[in-house]
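Scroll down for the structure; my scribbles are underneath it.
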Amino acid sequence: MDQASSLRKIVSAKARQTPQRLMTPASPDSAISAPAPRAIAVTSGKGGVGKTNIVGSLALVLANRGHKVLILDADLGLANIDIIFGVHPKFNIGHVLDGEKTLAEIIVDGPAGIQIVPAGSGFTHLTHLTEGQKLNLLGEFEAFGAHLDVMLIDTGAGISANVLYFNLAADDCIIVATPEPTAITDAYAMMKVMFLQHGTRHFQLLVNMATSEHEAKSVYASLVQAAERFLSGVVIQYLGMVPSDHNVTRAVRERRIAVDAFPEAAWSRGINALADQLMDAPRRQHTDGNIKFFFKRFIEFRV
Ligand SMILES: Nc1ncnc2c1ncn2[C@@H]1O[C@H](COP(=O)(O)OP(=O)(O)OP(=O)(O)O)[C@@H](O)[C@H]1O
Ligand SMILES: [Mg+2]
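Here is the structure:
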């Protein structure tokens, strides 16, 4: 038996032993609006296209609508989620991998019941996790009983193996692009790698920093055109656009989440429309009420 199959055996045996009381029942609201939980990766080819601000604002909109939201800060560079939420995590996922801390001990509370899992530098060696570290990761998420509706994953930019890990394990992969030509070509490069190397056929495109719906649609059209020509079988769904809005930077400077600081701003209307669109869409993968499913898929990948 190879290492991967023996690991899977241990994991499924462990899953059968998980006491039911660890699983808390779904809230009535989530039962109506989202059977959940749903792991949504927010990613991009090019850096600085707005992922972290989108994750922060979207998390707050969903949390204020009664959804239970967890953010996985998977950006291994700057800990931006910490900054926009004004939180100061002492520990990170590395402490969980090494068995020094439990997941509950590293999770940081944000506003409106949002929970944040800080990556810090803890995920740097994701592609080289030992079998013991993988079991720690799975075991901790398995025992994490809180029922979730949504897990938002703020990934780093680019097609590194770490970013691909998160994108491939998520139910939905939102690719953020802006009208800038390099952001469009880098978004295409991300889809190309995920399709050619891993068979991903379904992507969702969000155009940020657009000056008009027309401009956003032309970003979408150029990506669809390229995909039709060179990536036959790929489907790109247009999730909409979030306009360019100076209130975003204002909010960041004031250490506030933009949808909270400026609820009537164009940005906030865009994020609310995004939340509607996401929660109405059918989920792609069946999950069972806890987020261990995500990490199970996660550790089984060979990127
Ligand atoms: N719609 C918008 N209008 C105006 N400014 C925006 C908008 N979206 C994001 N920004 C600004 O763009 C900058 C980059 O945003 P952010 O840090 O969220 O991007 P990112 O994709 O997470 O970057 P990185 O790839 O470095 O993690 C920030 O200064 C932010 O305030
Ligand atoms: Mg970021």
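All the letters of the sequence shown, read from the start, carry residue numbers 837 to 1139 under the numbering used here.
Quick reminder that beta carbons are idealized off the backbone N, C-alpha and C, glycines included.
Bear in mind the structure is a predicted one, so any value in this text is a computation, not a measurement.
heavy atom of ligand 2 below 6 angstroms from residue i C-beta
i, result
"D909", "no"
"T879", "no"
"K887", "yes"
"N1044", "no"
"N1003", "no"
"N998", "no"
"L1083", "According to the sequence as given, residue 1083 is Asn; it is not Leu. Answer for N1083: no, Cβ out of range of ligand 2."
Chain-order list of residues whose beta-carbon lies under 7 angstroms from that of residue i (same chain, five-residue window excluded)
i, result
"F1098", "N1083, A1087, S1104"
"E1090", "A1097"
"A895", "V905, I907, I950, L988"
"A948", "L896, A899, N900"
"R1037", "F1031, G1069, V1070, V1071"
"S869", "Here the model assigns S869 a pLDDT of 41, short of 50, so the residue's position is not dependable, and the following value carries that caveat. Excluding sequence neighbours, S869 sits near M1115."
"F1134", "Y1001, A1005"
Where the alpha helix (DSSP H) containing residue i begins and where it ends
i, result
"L933", "929-933"
"F1098", "First-last for F1098: undefined, no H or E at that position."
"I917", "916-921"
"L908", "Looking at the DSSP string, L908 is not in any alpha helix (DSSP H); the run it does join, the beta strand (DSSP E), is 905-910."
"T1085", "1083-1089"
"A875", "Careful: A875 lies outside any alpha helix (DSSP H), inside the beta strand (DSSP E) at 874-880."
"V1055", "1049-1066"
CB-CB length for residue i against residue j, believed under 8 angstroms
i, j, result
"D911", "T991", "6 angstroms"
"A1052", "M1027", "Actually they do not touch by this definition, with Cβ atoms about 17 angstroms apart."
"T1018", "K882", "6 angstroms"
"V891", "I919", "With a Cβ gap of about 12 angstroms, V891 and I919 do not count as contacting."
"I876", "V986", "6 angstroms"
"F959", "I929", "6 angstroms"
"L939", "E976", "4 angstroms"
"F921", "G946", "5 angstroms"
"L974", "V932", "Contact flag wrong, Cβ pair sits at about 11 angstroms."
Nonlocal neighbours in the same chain, by C-beta distance under 6 angstroms from residue i, ignoring five residues either side
i, result
"A1101", "D1081, N1083"
"L1114", "none"
"N1003", "A877, T879, C1009"
"P861", "For P861, the predicted model reports a pLDDT of 34, less than 50, meaning its position is unreliable; a value from the coordinates is still stated below. Same-chain partners within the cutoff: there are none."
Boundaries of the beta strand (DSSP E) in which residue i is found, first to last residue
i, result
"F1039", "1038-1046"
"I942", "It is not in any beta strand (DSSP E) - I942 instead sits in the alpha helix (DSSP H) that spans 939-942."
"V986", "986-993"
"D1008", "1008-1013"
"L965", "Per DSSP, L965 belongs to no beta strand (DSSP E) and is neither H nor E."
"I952", "951-954"
"P1079", "1071-1079"
Heavy atom of ligand 1 within 6 angstroms of residue i beta-carbon
i, result
"V1055", "no"
"S1080", "yes"
"N777", "Shown here, the chain extends from 837 to 1139; a query on residue 777 therefore has no answer."
"A993", "yes"
"V1218", "The question about residue 1218 has no answer, for the chain in this structure spans 837 to 1139."
"G883", "yes"
Spatial neighbours of residue i in its chain, beta-carbon cut-off 8 angstroms, leaving aside the 5 residues before and after
i, result
"S1058", "I1020"
"Y1056", "L1041, V1043, I1072, Y1074"
"A1025", "G881, I995"
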